[in-house]
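S.K.: Position 276 (the sequence shown) corresponds to 1109 in the numbering used here; numbering is contiguous. Glycine is no exception: its CB is placed at the ideal position from the N, C-alpha and C atoms.
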Amino acid sequence: MTAPVSGAALLRSIPGLAVREHEPLARHTRFSIGGPARIYAEASTPDTLRLALAAAAQSGLAVNIIGGGSNLIVSDSGFDGLILRYTPSRIHQPEPGLLHAEAGADLQALVDRSIDLGLANLHTMTGIPGTVGGAVYGNAGAYGHSVSETLESATFLDSGGMRTFDNAACQFAYRESIFKRRKDWIILSATFRLPSGEASALRATADGILTTRNQKYPPDMKCAGSIFKNLILAELPSAVQDRVPASVVREGKVPSAWFLEQAGAKGMRRGDIEVAPYHANLIYNTGSGASDDLRILIAELKDRVFKDFGLMLEEEVQYVG
Ligand SMILES: Cc1cc2nc3c(=O)[nH]c(=O)nc-3n(C[C@H](O)[C@H](O)[C@H](O)COP(=O)(O)OP(=O)(O)OC[C@H]3O[C@@H](n4cnc5c(N)ncnc54)[C@H](O)[C@@H]3O)c2cc1C
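1. Output the distance between the C-alpha atoms of Phe998 and Ser922, rounded to the nearest integer angstrom.
2. Could you spell out where the beta strand (DSSP E) holding Tyr919 opens and where it closes?
3. Counting C-beta neighbours from all protein chains within 10 Å, is the total for Glu935 16 or more, i.e. buried, or is it exposed?
4. CB of Thr957 to nearest heavy atom of ligand 1: below 7 Å?
5. Can you give me the C-alpha to C-alpha distance between Gln1074 and Gly977, rounded to a whole angstrom?
6. Return the CA-CA distance between Arg1036 and Gly966, expressed in angstroms with no decimal places.
7. For Tyr1152, is the classification buried or exposed, using 16 other Cβ atoms within 10 angstroms of its Cβ as the cut-off for buried?
8. At the level of alpha carbons, what is the spacing between Leu1127 and Glu928?
9. Over the uninterrupted beta strand (DSSP E) stretch that includes Leu850, give me the two end residues.
10. Please report how far the alpha carbon of Glu1149 lies from the alpha carbon of His861, in whole angstroms.
11. Nearest to Ala975 by alpha carbon, out of Tyr1117, Gly1041 and Leu931?
12. Could you check if Arg1083 is buried or exposed, using at least 16 other CB atoms within 10 Å of its CB as the buried criterion?
13. Does the beta-carbon of Thr964, which I'm using as the reference point, lie nearer than 7 Å to any heavy atom of ligand 1?
14. Measure the beta-carbon distance from Ser1010 to Val969 and round it to whole angstroms, keeping in mind my assumption that it falls under 8 Å.
15. Would the beta-carbon of Asn1114 be found less than 7 Å away from any heavy atom of ligand 1?
16. CB of Gln1151 to nearest heavy atom of ligand 1: below 7 Å?
17. Suppose the cutoff is 7 Å on Cβ atoms and the five residues either side in sequence are ignored; what does the same chain contact list for Gln1004 look like?
18. Can you grab the Cα-Cα spacing for the pair Gly868 / Gly900, in whole Å?
19. With respect to the alpha helix (DSSP H) encompassing Pro879, which residues constitute its N-terminal and C-terminal limits?
20. Rounded to the nearest angstrom, what separates Arg918 and Ala874 at their Cα positions?
21. Going along the chain, which residues of its own chain have a beta-carbon closer than 6 Å to the beta-carbon of Leu1109, five neighbours each way excluded?
22. Lys1062 lies in the alpha helix (DSSP H); which residues open and close that run?
23. Of all the options Glu854, Gly1154 and Leu955, which has the alpha carbon lying nearest to the alpha carbon of Thr983?
24. Grab the span of the beta strand (DSSP E) containing Val907 for me, first residue to last.
25. Identify the residues that DSSP records as bridge partners of Lys1055: which are they?
26. According to DSSP, Phe989 sits in a beta bridge with which residue or residues?
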C-alpha cells in the first residue's frame, strides 16, 4: 500500500507554486499580527492557482486567499490550512478609457497608471494599501469614489473554471460585493472604464489626499485602516437619526467613529493594542500586539455602542483563523 501524500508534498509538486510551511502570517499583515499558516503558497498563473485549489481539496485543507494583508486580523494561532496569494500584477490599457489589472497588482500602481494616462476617478483612492483583488472584494473607496463606480468586469476562478462578471453581477454595495459572500471565488483580474481627466490636476488632487492620509495613517502604522464600516443614515432607527448631528454626516453616511467617540473609545488600550487618541475607528498595534487583545477590544467597542445606541457595528476588517 502506498503512503498518502501530504498536502504540502502535493502542493510542492505543482510547477510555479511557491510553497512554505509554518509561515508566520504576521509577515503578511499590515497589523504585523498573526500566527503561522500550516501552508503558505503563492500562485503566479491562473493554472497554478487552479491546481493549488484542487490539491487543497484533495488533501482536505481549508483555503484562505489573501492579497496585501492590509485589511486582515489573523488569529494568534494562525491558520490551520492553506493561505494562498495570487501574485500576477500586470496592468495594461486594452483600449482608450479602459484599464485592465491583474488581481495581484498594487492598487496604488493602478491608481498611478490611471493618473498618468489622464483617466479620472481612481485617483481619489491614492494611498489605499493592498491589491486590486482585495479592492474589488471589499469595494474599496475613499474621498468620493469607490471601485464599484467604474469597474466594468471582474474575472475570477471558481470550482468550474474561469468566469467573468459585469458590474451588476458583482452586486456591489458600500464595502460589499458578491465576493464577500463567495469566499471560494478568487478574483484574477478587473477591468475599469474610466472618464478622462487632466493628468496634472488629477495628480495634484491625489497628492493632497495622500498628505492628509499620511497624517492619519503614518506609513509605518500597524493597522487595518478603519475597523468598522460607516453607517447609512437612512437605515438607522429614527431615534438614533435624531441624535446624529447633521455636521457629521458625509455622503449619507454617519462615520462609525462618531458613535465610537460617544462611547468613549478614543485612547482605549489593551496590551499593545490601542484606539487612536485622535480617531475612534482606528485601532493600531503599538509594538507586539496580540490578535486576542485586538479582538477583545473590538468586542468591547461593539458592546459599548450597542448599549448606548442599540446598534451593532459591523467590521470592515476580515478575520482569518
Ligand atoms: C492605513 C490603511 C488605510 C486604509 N484606507 C482604506 C480606505 O480609505 N478605503 C478602503 O476601502 N479601505 C481602506 N483600507 C483597507 C484596505 O486597504 C482595503 O480593504 C484593501 O482593498 C484590502 O486589500 P488587500 O489586498 O490588502 O486585501 P487583504 O487585506 O489581503 O484581504 C482582504 C479581503 O480580501 C480578500 N481578497 C484579497 N484578494 C482577493 C482575491 N484575489 N480574490 C478574492 N478575495 C480576495 C481576502 O480573502 C480578504 O477577505 C485601509 C487599510 C489601511 C491599512
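M.R.: Straight from the coordinates:
1. Put simply, the backbone Cα of Phe998 is about 20 Å away from that of Ser922.
2. Phe912 to Tyr919
3. Counting other Cβ atoms within 10 Å of its Cβ, Glu935 reaches 16 or more and is therefore classed as buried.
4. no
5. 22 Å
6. A direct Cα-to-Cα measurement between Arg1036 and Gly966 gives close to 23 Å.
7. exposed
8. 45 Å
9. Leu850 to Pro857
10. 18 Å
11. Gly1041
12. exposed
13. yes
14. For a cut-off of 8 Å, the C-beta gap from Ser1010 to Val969 is around 7 Å, short enough to register as a contact.
15. No.
16. For ligand 1, at least one heavy atom lies less than 7 Å from the Cβ of Gln1151.
17. Ser1010 and Ile1011
18. 17 Å
19. Pro879 to Ser892
20. 6 Å
21. Reading off the sequence, residue 1109 comes out as Ala, not Leu. Scanning its chain for C-beta atoms nearer than 6 Å, with the 5 sequence neighbours on each side dropped, one finds around Ala1109 the residues Leu1115, in chain order.
22. DSSP places Lys1062 outside any alpha helix (DSSP H), giving it a letter other than H or E.
23. Leu955
24. Leu905 to Val907
25. Asn1118
26. In DSSP, Phe989 forms a bridge with Arg996 and Ile1020.
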